[in-house]
Amino acid sequence: MRDRYCGTLKKEEIGKRVNLSGWVFRRRDHGGLIFIDLRDVTGIVQIVFSPEISKEAHEIAGELRHEYVISVSGKVDKRPEGTENLNIPTGEIEVLVDAVEILNTCKPLPFQLEDEEPSESLRLKYRYLDMRRLDVKKVFMERSRAYKVVRDYFNDHNFYEFETPFFTKSTPEGARDFIVPSRLSTGMFYALPQSPQLFKQILMIAGFDRYFQIVRCFRDEDLRADRQPEFTQIDVEMSFVDVDDVLSISEGLIGELFEAITGHKLVLPLQRMTYREAMELYGTDKPDLRFDMAMYNLTDIFKGTEFGVFKKTVDEGGEIKALLLTDRTLTRKDLDTSVEVAKEMGASGLVWMRVEEEGFQSPVAKYLKDEEKERIKNLLKCKNGDVVFIMADRKNRVNEIMGKFRLYLGEKYELIDKKRFQFLWVVDFPLLEYSEEERRYVARHHPFTSPKGKIKGLADRIESKDIDPESIIARAYDLVLNGVEIGGGSIRIHRADDQMEMFRILNIKEEEAREKFGFLLEALEMGAPPHGGIAFGFDRILMMLLGLDSIRDVIPFPKTQKGTCLLTGAPSKVPQKQLNELKIRVLGETPR
Ligand code: ASP
3 MRDRYCGTLK
13 KEEIGKRVNL
23 SGWVFRRRDH
33 GGLIFIDLRD
43 VTGIVQIVFS
53 PEISKEAHEI
63 AGELRHEYVI
73 SVSGKVDKRP
83 EGTENLNIPT
93 GEIEVLVDAV
103 EILNTCKPLP
113 FQLEDEEPSE
123 SLRLKYRYLD
133 MRRLDVKKVF
143 MERSRAYKVV
153 RDYFNDHNFY
163 EFETPFFTKS
173 TPEGARDFIV
183 PSRLSTGMFY
193 ALPQSPQLFK
203 QILMIAGFDR
213 YFQIVRCFRD
223 EDLRADRQPE
233 FTQIDVEMSF
243 VDVDDVLSIS
253 EGLIGELFEA
263 ITGHKLVLPL
273 QRMTYREAME
283 LYGTDKPDLR
293 FDMAMYNLTD
303 IFKGTEFGVF
313 KKTVDEGGEI
323 KALLLTDRTL
333 TRKDLDTSVE
343 VAKEMGASGL
353 VWMRVEEEGF
363 QSPVAKYLKD
373 EEKERIKNLL
383 KCKNGDVVFI
393 MADRKNRVNE
403 IMGKFRLYLG
413 EKYELIDKKR
423 FQFLWVVDFP
433 LLEYSEEERR
443 YVARHHPFTS
453 PKGKIKGLAD
463 RIESKDIDPE
473 SIIARAYDLV
483 LNGVEIGGGS
493 IRIHRADDQM
503 EMFRILNIKE
513 EEAREKFGFL
523 LEALEMGAPP
533 HGGIAFGFDR
543 ILMMLLGLDS
553 IRDVIPFPKT
563 QKGTCLLTGA
573 PSKVPQKQLN
583 ELKIRVLGET
593 PR
């Protein structure tokens with residue numbers, strides 16, 4: 003149906019006969035002449051119908067409407083002087099058509115493909131029309147290229163690609179499972195994998211040494227702009243490795259992806275920071291380092307304070323933290339607003355102090371001692387016009403809220419260089435974290451992550467209070483980009499006795515552990531090599547490197563915030579017969 007593509011037709015082909023097929027994108031009827039921008043996967047080219055070239059073709063052209071599918075033959079010609087369009091690659095040429103065939107018609111469109119930004123629900127319902135738009139199409143072409151970059155990289159580094167089952171048993175990644183009822187074993191359910199975690203470990207035990215997979219994972223969580231119930235991970239596992247080996251292989255991959263998509267070289271190695279440092283300085287385990295502004299700890303300075311709120315915090319073992327905003331002019335109203343914002347974030351209060359010639363200007367200035375003010379000035383190295391924000395609370399709370407408040411200041415006062423890509427490894431995560439909901443310690447990463455140092459005896463030491471559970475450090479790491487977690491992994495526990503010890507630490511009974519993970523425990527007993535790995539959020543990485551705001555923009559057929567597919571109408575009811583076969587009775591329905 004064609005021997006050339008529209009968007010790549012070259013002016014070197016002027017004078018040649020060509021056959022093209024595609025969609026009618028734009029159409030201009032200039033009385034005698036009809037101009038059409040014909041579009042295919044590569045772009046557009048102008049085609050011209052003139053009664054002088056072919057009366058018949060010109061007549062058919064009169065019937066063409068937006069998005070009709072046509073096939074044409076004609077001669078490539080130079081566009082007349084002054085009518086070139088240098089904004090598109092084919093802008094200097096046109097095709098004079100002498101034969102046309104209509105391959106399909108098109109109903110009036112629910113939205114125009116250009117000059118109109120349809121609502122997201124229209125875009126998702128008519129995803130095929132949305133994707134006809136070249137900028138949308140380009141995203142998925144980039145995505146396709148990215149798959150190749152990933153596969154090439156891992157092939158070059160002796161990794162083997164695998165597919166692991168979707169119908170499986172629960173893998174504990176901290177979310178709710180999607181489950182699938184079994185017809186052959188009624189009353190039984192498969193869980194869709196939250197990740198291939200256990201399979202990749204089993205492949206290491208099988209001796210494959212290096213594994214990767216570009217794999218769909220399923221997590222039944224509340225959705226946000228950067229979350230989907232099914233999403234794609236680049237999943238990796240390696241044998242006989244330590245943290246540095248995994249990070250270095252990962253950096254190589256990220257570097258290649260980064261260069262392929264942005265066209266820029268990534269400077270390696272990437273910055274690293276411990277979890278503790280991240281929390282202390284930025285109040286979060288995923289700091290956005292596109293702008294500096296670390297927190298200062300003023301607790302020491304206020305050891306002898308008489309200022310009520312600060313005194314209370316110091317007495318109760320809390321912390322007093324400060325942020326310094328420099329080179330910005332803030333009005334009194336700005337300062338009042340910042341107090342409001344901090345309160346909305348959950349702060350019990352926020353103190354501001356403006357540095358002026360005469361000293362600090364602040365509603366609380368009179369309660370602070372000269373010595374305290376002097377020490378703050380020295381520690382923060384502040385100059386006239388700077389504003390110091392101070393918060394006092396329990397350690398975790400003040401860190402968390404100050405961390406959020408820092409991001410607010412970054413946005414509001416345009417401190418963030420939006421063009422920058424700032425990667426960061428956060429390492430040395432705590433192994434455990436207390437779950438208020440389950441009233442026990444849970445694995446912060448997952449229960450297969452190994453601690454630094456010996457695991458043997460830890461359960462007893464925790465029980466006898468010989469060690470603070472929160473002080474145990476995991477061999478776990480996250481990769482952060484611009485304040486967003488884009489990957490994470492760990493060195494695993496590779497001995498069955500250690501894994502049992504970990505279950506004991508997590509208060510998981512032996513019986514339950516055997517029930518859920520017996521196959522893993524057994525495999526660990528049969529010569530499991532030391533191993534570790536990582537998984538990256540492929541969609542998130544693409545979204546960020548392409549400068550898009552929503553993960554839905556990089557997923558061909560995404561779900562809405564409510565987990566529905568507007569194109570197909572999923573999820574939907576199933577016929578009673580199917581439910582009967584599964585011996586399932588529906589007890590309720592979410593009203594739509
Ligand atoms: N399975 C983990 C996750 O999905 C990643 C890993 O530990 O390799 O987050």
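Taken in order, the sequence shown gives residues 3 to 594; the numbers are from the working numbering. The beta carbon of each residue, even a glycine, is placed where N, CA and C say it ideally should be. Nothing here was measured: the structure is a model prediction, and the numbers come from that model.
Given a threshold of 16 other Cβ atoms within 10 Å of its Cβ, counted over all protein chains shown, does residue i qualify as buried or as exposed?
{"i": "G351", "result": "exposed"}
{"i": "G33", "result": "exposed"}
{"i": "V588", "result": "exposed"}
{"i": "K323", "result": "buried"}
{"i": "G485", "result": "buried"}
{"i": "D290", "result": "buried"}
{"i": "M528", "result": "exposed"}
{"i": "G24", "result": "buried"}
{"i": "V47", "result": "buried"}
{"i": "H496", "result": "buried"}
{"i": "S466", "result": "exposed"}
{"i": "M404", "result": "buried"}
{"i": "D246", "result": "exposed"}
{"i": "D395", "result": "buried"}
{"i": "G285", "result": "buried"}
{"i": "T451", "result": "buried"}
{"i": "L88", "result": "exposed"}
{"i": "K288", "result": "buried"}
{"i": "A208", "result": "exposed"}
Look up residue i in the DSSP assignment and say whether it is helix, strand or coil.
{"i": "A394", "result": "strand"}
{"i": "A148", "result": "helix"}
{"i": "K80", "result": "strand"}
{"i": "V400", "result": "helix"}
{"i": "V141", "result": "helix"}
{"i": "E65", "result": "coil"}
{"i": "E58", "result": "helix"}
{"i": "E165", "result": "coil"}
{"i": "R178", "result": "strand"}
Kindly identify the DSSP beta-bridge partner or partners of residue i.
{"i": "R587", "result": "BP columns for R587 are empty, so no partner."}
{"i": "T170", "result": "A193"}
{"i": "L22", "result": "V74"}
{"i": "G45", "result": "D42"}
{"i": "Y298", "result": "A324"}
{"i": "D31", "result": "I36"}
{"i": "N106", "result": "V71"}
{"i": "I98", "result": "Note on identity: in this sequence residue 98 is Leu, with Ile being the wrong assignment. V50 and K77."}
{"i": "P183", "result": "F191"}
{"i": "V576", "result": "According to DSSP, V576 bridges with nothing at all."}
Given the structure, does residue i come close to the ligand SAH, in the sense that its CB is under 7 Å from one of the ligand's heavy atoms?
{"i": "D247", "result": "Questions concerning the ligand SAH fall outside what the structure shown contains, since the ligands it does hold are the ligand ASP."}
Should residue i be flagged as near chain B, meaning a C-beta pair shorter than 8 Å?
{"i": "L272", "result": "In the displayed structure, chain B is absent; only one protein chain is listed."}
Report yes or no: do the stretch 399-417 and the stretch 272-279 share at least 3 C-beta pairs separated by less than 8 Å?
Output reads no: the stretch 272-279 does not touch the stretch 399-417.
At a cut of 8 Å, does the stretch 53-68 reach the stretch 96-107 through at least three beta carbon pairs?
Yes, the stretch 53-68 is in contact with the stretch 96-107.
Within the stretch 211-278, ranges of the beta strand (DSSP E) (whole runs, at least 3 residues):
Correct list: 212-220, 232-241 and 274-276.
Within 8 Å, do at least three Cβ pairs link the stretch 417-428 to the stretch 169-187?
Taking a cut-off of 8 Å on C-beta distances, the stretch 169-187 does not touch the stretch 417-428, as fewer than three cross pairs fall below it.
At what residue ranges does the stretch 302-373 contain a whole run of the alpha helix (DSSP H), taking only runs of 4 or more?
Fully enclosed alpha helix (DSSP H) runs of 4 or longer: 310-317 and 334-346.
Please specify which runs of the beta strand (DSSP E), each continuous and at least 3 residues long, are wholly inside the stretch 424-498, giving them in chain order.
Complete beta strand (DSSP E) runs here, min 3: 425-429, 434-437, 442-445, 478-483 and 486-493.
Taking one C-beta from the stretch 253-268 and one from the stretch 553-566 each time, how about it: are there three or more such pairs within less than 8 Å?
No: the two stretches stay apart, fewer than three of their Cβ pairs being nearer than 8 Å.
Jot down the residue ranges of each uninterrupted beta strand (DSSP E) in the stretch 520-566, minimum 3 residues, whole runs only, in chain order.
Runs of the beta strand (DSSP E) inside the stretch 520-566: 533-539.
Does the structure place the stretch 253-265 close enough to the stretch 529-547 that three or more beta carbon pairs sit under 8 Å?
Verdict: yes, contact present.
Are there three or more Cβ pairs, one per stretch, closer than 8 Å when the stretch 500-519 is compared with the stretch 227-239?
These segments do not touch.
Could you say if the stretch 144-154 and the stretch 108-117 meet the contact criterion of at least three C-beta pairs nearer than 8 Å?
Touching, no, given that fewer than three Cβ pairs across the two stretches are closer than 8 Å.
Whether or not the stretch 411-418 and the stretch 359-374 are in contact is what I'm after, with contact meaning three or more pairs of Cβ atoms, one per stretch, closer than 8 Å; do they touch?
The stretch 359-374 is not in contact with the stretch 411-418.
Can at least three beta-carbon pairs, one atom from the stretch 309-318 and one from the stretch 501-508, be found at a separation below 8 Å?
When C-beta atoms of the stretch 309-318 are compared with those of the stretch 501-508, fewer than three pairs fall below 8 Å, so the two segments do not count as touching.
Quick one: any contact between the stretch 379-392 and the stretch 295-305, if contact means 3 or more CB pairs under 8 Å?
With a cut-off of 8 Å, the stretch 295-305 and the stretch 379-392 count as touching, because enough Cβ pairs lie within range.
Please determine if the stretch 572-585 and the stretch 185-197 are in contact, where contact requires at least 3 C-beta pairs separated by less than 8 Å.
Below 8 Å, enough C-beta pairs join the stretch 572-585 and the stretch 185-197 to call them touching: three or more.
Are the stretch 207-218 and the stretch 152-164 in contact at 8 Å, needing three or more beta carbon pairs?
Cβ pair count under 8 Å is three or more, so yes.
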